[in-house]
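Peer 1: This is the structure I want to talk about, given as structure tokens.
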Ligand SMILES: C[S@@+](CC[C@H](N)C(=O)[O-])C[C@H]1O[C@@H](n2cnc3c(N)ncnc32)[C@H](O)[C@@H]1O
């Protein structure tokens, strides 16, 4: 894909996201019936009537969801077409030491291998950004016979990574460093820099520093765009259009495609109980509007519903007096949770467009700084939903 394509793709996605803000911005968790429900009553009825199995299917299969929504809003089909990205070419790696993936969980190793294959040949020393135990750096170092340096601020991970590198006889060093501090750019010079799932501000800092240091090449698979972002997101390139806030960035990464059944059931309970508590708070305080709830202590989810509400009420300084009909509020919460999950499907339809907007915004900035950029998916979503790889090579 060339730079003109990336720039026009960004502008087209931007225009659609702006046009449909009325649909995707309102959060059913906060608004019992978002305003679009009045505009689209048939879609609302259809979504609310979905069985649990249908909901699960539409949550897991984006194409099924888009097909359903397109029955009511045919214009949304444009999103799907605009978000098509090529699968990146995968270079075959030579079979390497059996010690290389020692102690790496299976799915993690699949991601790492796919990322390394998509990066292709590495001809400079490797710098691994926020590398954890340095599995990716270790693989690239061995594959391409280049020394690797892994930056990571957790000393325990650095120590474990050093042992793994020694075991595999790989030339890899670790530096315990906070990559957000100003002293870091010195590490980048003349290195091929890679970052697999460096969250939010960590990958954005890398982009700015890599182009400033004129590194020969860098490859990034971004994730958790909302972490380290100001409440109002600062774009790289497209500054006069869609104004994103931290909640929007979080929406881009809310899939549960790789979550276990236990994680999903915990998430459901948390949502239902918060919604039950919200009703209770409204009844006690007489204020009939949503009030945001700060992240809760996950330990409270091991209590029963009454215990959960009492712990939360204490933190929120809500006085609970007299007899409370706990089963009524808990049941109310579960009913709302059912509805929220169904009405939120319209927001799911823009998760990939939002993610692509963020990545294309970075890509266009990097191109402006004199790099060639290639963008595509490096593995299927089931391996990781954060499967976009942005590769930049210094042009000329
Ligand atoms: C999501 S993990 C990714 C690790 C590794 N790249 C992988 O894919 O397995 C993000 C890593 O960034 C590290 N990290 C977070 N903030 C950091 C900072 N400010 N400086 C350096 N490393 C940081 C974390 O300790 C963690 O190991």
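Residue numbers (my numbering): 5 to 400. All residues carry an ideal CB built from backbone N, CA and C; glycine is no exception.
Would the beta-carbon of residue 136 be found less than 8 Å away from any heavy atom of ligand 1?
Peer 2: yes
Peer 1: Thinking just about the alpha-carbon of each residue, which of 222, 148, 228 is nearest to the one in residue 201?
Peer 2: Cα-wise, what sits closest to residue 201 is 228.
Peer 1: Mapping DSSP to helix, strand and coil, what is residue 375?
Peer 2: strand
Peer 1: With a CB to CB cut of under 6 Å and the five nearest residues on each side skipped, what residues in its chain are close to residue 312?
Peer 2: 277, 304
Peer 1: Please specify which runs of the alpha helix (DSSP H), each continuous and at least 4 residues long, are wholly inside the stretch 324-353, giving them in chain order.
Peer 2: As far as the stretch 324-353 is concerned, its whole alpha helix (DSSP H) runs of at least 4 residues are 330-347, 349-352.
Peer 1: Below 8 Å, is the gap between the Cβ of residue 139 and the nearest heavy atom of ligand 1?
Peer 2: Yes - ligand 1 has a heavy atom lying nearer than 8 Å to the Cβ of residue 139.
Peer 1: Does the distance between the C-beta of residue 156 and the nearest non-hydrogen atom of ligand 1 fall short of 8 Å?
Peer 2: yes
Peer 1: Alpha carbon to alpha carbon, how far is residue 144 from residue 126? Give it in angstroms, no decimals.
Peer 2: 8 Å
Peer 1: Quick test of your reading: residue 153 and residue 131, contact by CB under 8 Å. State the CB separation rounded to the nearest angstrom.
Peer 2: Confirmed, Cβ separation roughly 5 Å.
Peer 1: Starting from residue 250 and walking both ways along the alpha helix (DSSP H), at which residues does that stretch end?
Peer 2: 250-255
Peer 1: Closest to residue 83 by C-alpha separation, out of 134, 198, 358, would be which residue?
Peer 2: Among 134, 198, 358, the Cα nearest to that of residue 83 belongs to 358.
Peer 1: Helix, strand or coil for residue 177? Go by DSSP, reduced to three states.
Peer 2: Looking at residue 177 - three-state DSSP - the assignment turns out to be strand.
Peer 1: In whole angstroms, give me the CA-to-CA distance for residue 58 and residue 207.
Peer 2: 36 Å
Peer 1: For residue 318 and residue 284, I'd like the C-alpha separation in whole angstroms.
Peer 2: 13 Å
Peer 1: Would you list the residues sitting across from residue 225 in a DSSP beta bridge?
Peer 2: Residue 225 pairs with 200.
Peer 1: Rounded to whole angstroms, what's the CA-CA distance from residue 159 to residue 134? Just pull it up for me.
Peer 2: 12 Å
Peer 1: Shorter than 8 Å, the distance from the beta carbon of residue 352 to the closest heavy atom of ligand 1, or not?
Peer 2: no
Peer 1: Pull up the DSSP beta-bridge partners for residue 126, would you.
Peer 2: For residue 126, which the question treats as bridged, DSSP gives no partner whatsoever.
Peer 1: CB residue 349 to CB residue 69, shorter than 9 Å?
Peer 2: yes
Peer 1: Less than 8 Å between C-beta atoms, sequence neighbours within five positions excluded: which residues of the same chain meet that for residue 10?
Peer 2: Excluding residues within five positions, the ones whose Cβ falls inside 8 Å are 364, 367, 368, 371, 377, 379.
Peer 1: Looking at residue 115 and ligand 1, is the gap between the Cβ and the nearest heavy atom below 8 Å?
Peer 2: It does: the Cβ of residue 115 is within 8 Å (strictly closer) of some heavy atom of ligand 1.
Peer 1: Which whole-angstrom value describes the C-beta separation of residue 16 and residue 73, a residue pair presumed to lie in contact below a C-beta threshold of 8 Å?
Peer 2: Actually they are not in contact, since the Cβ atoms of residue 16 and residue 73 sit about 18 Å apart, beyond 8 Å.
Peer 1: Look up residue 306 in the DSSP assignment and say whether it is helix, strand or coil.
Peer 2: Three-state result, residue 306: helix.
Peer 1: Take the Cβ of residue 36 as the centre, count every other Cβ of all protein chains shown within 10 Å, and call the residue buried at 16 or more, exposed below.
Peer 2: exposed
Peer 1: Return yes when at least one heavy atom of ligand 1 lies under 8 Å from the C-beta of residue 383, else no.
Peer 2: When distances are taken from the beta-carbon of residue 383 to the heavy atoms of ligand 1, even the shortest one reaches 8 Å or more.
Peer 1: According to DSSP, is residue 46 helix, strand or coil?
Peer 2: helix
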